[in-house]
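Chemist:
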Amino acid sequence: MKKYFFIFIFLFLSACSNTSSTFVNVSMPNFKPQTPIKTESIDSGITIALEPINIEQNNNYSDYFENSVLKIRIEKEIELLKENLEEQMATIAKLKGYKIVNSNPDYTLKSLISIYIEEQNPQKSDSFVSGDYVKSNLGIQFQGKISFIDAHNSQNSTDLTSNTKLNSLIALTYPIKNDDGINMFKTTISTVPTQLNKGLERPAFEIDRSFIAFYKNTLNTVYNNLPKAIDTAQPSNNPEKFNSFENNSSFEENSFQPSKSFKNTPNDNSNAKKENNVDKNQDGVIIFE
Numbered sequence: 001m002k003k004y005f006f007i008f009i010f011l012f013l014s015a016c017s018n019t020s021s022t023f024v025n026v027s028m029p030n031f032k033p034q035t036p037i038k039t040e041s042i043d044s045g046i047t048i049a050l051e052p053i054n055i056e057q058n059n060n061y062s063d064y065f066e067n068s069v070l071k072i073r074i075e076k077e078i079e080l081l082k083e084n085l086e087e088q089m090a091t092i093a094k095l096k097g098y099k100i101v102n103s104n105p106d107y108t109l110k111s112l113i114s115i116y117i118e119e120q121n122p123q124k125s126d127s128f129v130s131g132d133y134v135k136s137n138l139g140i141q142f143q144g145k146i147s148f149i150d151a152h153n154s155q156n157s158t159d160l161t162s163n164t165k166l167n168s169l170i171a172l173t174y175p176i177k178n179d180d181g182i183n184m185f186k187t188t189i190s191t192v193p194t195q196l197n198k199g200l201e202r203p204a205f206e207i208d209r210s211f212i213a214f215y216k217n218t219l220n221t222v223y224n225n226l227p228k229a230i231d232t233a234q235p236s237n238n239p240e241k242f243n244s245f246e247n248n249s250s251f252e253e254n255s256f257q258p259s260k261s262f263k264n265t266p267n268d269n270s271n272a273k274k275e276n277n278v279d280k281n282q283d284g285v286i287i288f289e
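For the sequence shown, UniProt numbering gives the first residue as 1, with consecutive numbering after it.
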């Protein structure tokens, strides 16, 4: 009897110790770009309005993931992505010589970001000490469509796209809530995006890296393809010269279609695939290295 008592005490202390050390702090990704070498803007007198970025989510994941701290972290990252893209796109517009206005612009910049998150093969398991958990694989894909529109003739516009996706799936093992069983053996679930359960550091890193890759790709795409204001014409003077710049044929104008090409083999060292990403522009401004 005494033997079982000591075993129970040992398990109790182990459970308490596990609860107190179950979290690790992982900061949110840094979306700030490198400071441009050239910061002088051109005073062209041509105006542009930047509409708030529209976010479209296409999710295909389990209810388990819906209630996980990784889902909470992704939602926060989407907020940061939108906020920082809007801020840096405004900076790029100024560097290109546009005056940003809220009404009666010469041009308008509209942006749509589509994010597709897919969880594959979620499998629920349980542990006597650490509680219930799920093993699965996660894929993420981003597509951005940025439209540069003649505000005086909306049919005269040019679309730029920016695409990023993980080359392979992220292997996940994350805890879930369960009201059954002995309370002291339950794993506490974090609800703070920077406070993760142990073991989620690597998946969080891969998710963060995909967001950063898309962020860099999008800003480089906008900078390298948004025409300088001095290359456009004031509508009252020469309307036929609107959008006289050449479209980059490498940018496709397809609507967002969730990719079904996520590889089935998880890869903890998966890299984000970046398309149309140029690090330096011809004027010497470095957006990202």
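Even for Gly, the Cβ is constructed at its ideal location relative to N, Cα and C. On a predicted model such as this, the values are computed, not experimentally measured, just so you know.
Is DSSP giving Asn156 helix, strand or coil here?
Modeler: coil
Chemist: May I ask you to report which of helix, strand or coil DSSP gives Ile189?
Modeler: In the structure shown, Ile189 falls within a coil segment according to DSSP collapsed to helix, strand and coil.
Chemist: Where Tyr64 and Lys82 are concerned, what is the direct C-alpha to C-alpha distance, given to the nearest angstrom?
Modeler: 26 Å
Chemist: If you reduce the DSSP assignment to three classes, tell me which class residue 299 lands in.
Modeler: Only positions 1 to 289 of the chain appear in this structure, which leaves residue 299 out of reach.
Chemist: DSSP three-state call for Pro203: helix, strand or coil?
Modeler: helix
Chemist: State the Cα-Cα distance for the pair Pro122 and Tyr133, rounded to the nearest angstrom.
Modeler: 10 Å
Chemist: Tell me whether the stretch 114 to 121 and the stretch 57 to 76 touch, counting them as touching only if at least three CB pairs, one residue from each stretch, are closer than 8 Å.
Modeler: These segments touch.
Chemist: To the nearest angstrom, how far is it from the Cα of Val101 to the Cα of Val222?
Modeler: 19 Å
Chemist: So Leu169 and Leu70 are supposed to be a Cβ contact under 8 Å. How far apart are they, rounded?
Modeler: With a Cβ gap of about 14 Å, Leu169 and Leu70 do not count as contacting.
Chemist: Considering only residues of the stretch 24 to 76, which uninterrupted alpha helix (DSSP H) runs meet the minimum length of 4 residues and lie entirely inside it, listed in chain order?
Modeler: 63 to 66
Chemist: Is it buried or exposed, Ile176, if we count other Cβ atoms within 10 angstroms and call 16 or more buried?
Modeler: buried
Chemist: May I ask you to list the residues that DSSP assigns as paired with Leu219?
Modeler: Per DSSP, none; premise fails for Leu219.
Chemist: Under the rule that 16 or more other beta-carbon atoms within 10 Å means buried, what is Ile207, buried or exposed?
Modeler: buried
Chemist: By DSSP's criteria, Ala171 is part of a beta bridge. Which residues make up the other side?
Modeler: Asn137
Chemist: From Phe211 to Asp106, what distance separates their C-alpha atoms?
Modeler: 32 Å
Chemist: Is the CB-CB distance between Ala171 and Asn137 below 7 Å?
Modeler: yes
Chemist: Return the CA-CA distance between Ala229 and Ile92, expressed in angstroms with no decimal places.
Modeler: 11 Å
Chemist: Which residue or residues does DSSP assign as beta-bridge partners of Tyr98?
Modeler: Partner(s): none; Tyr98 has no beta bridge.
Chemist: What did DSSP end up calling Asp208 once you bin it into helix, strand or coil?
Modeler: DSSP places Asp208 in the helix class (H, G or I) of the three-state scheme.
Chemist: Can you tell me whether Lys124 is buried or exposed, with buried defined as 16 or more other CB within 10 angstroms of its CB?
Modeler: exposed
Chemist: Starting from the Cα of Leu50, find the closest Cα among Ile140, Phe148 and Ile72 and give me that residue.
Modeler: Phe148
Chemist: Am I right that Tyr215 and Ser68 are in contact with their C-beta atoms under 8 Å? What's the rounded C-beta distance?
Modeler: Not a contact, Cβ separation roughly 23 Å.
Chemist: Can you tell me which of the three DSSP states Thr91 falls into?
Modeler: helix
Chemist: Starting from Leu196, trace the beta strand (DSSP E) in both directions and tell me its first and last residue.
Modeler: Looking at the DSSP string, the run of the beta strand (DSSP E) that includes Leu196 is Gln195 to Asn197.
Chemist: Since I believe Ile146 is in contact with Leu109 (beta carbons under 8 Å), could you give me their beta-carbon distance rounded to a whole number of angstroms?
Modeler: 7 Å
Chemist: Any idea what DSSP makes of Lys177, helix, strand or coil?
Modeler: coil
Chemist: Run through DSSP, which three-state label would Asn84 get?
Modeler: helix
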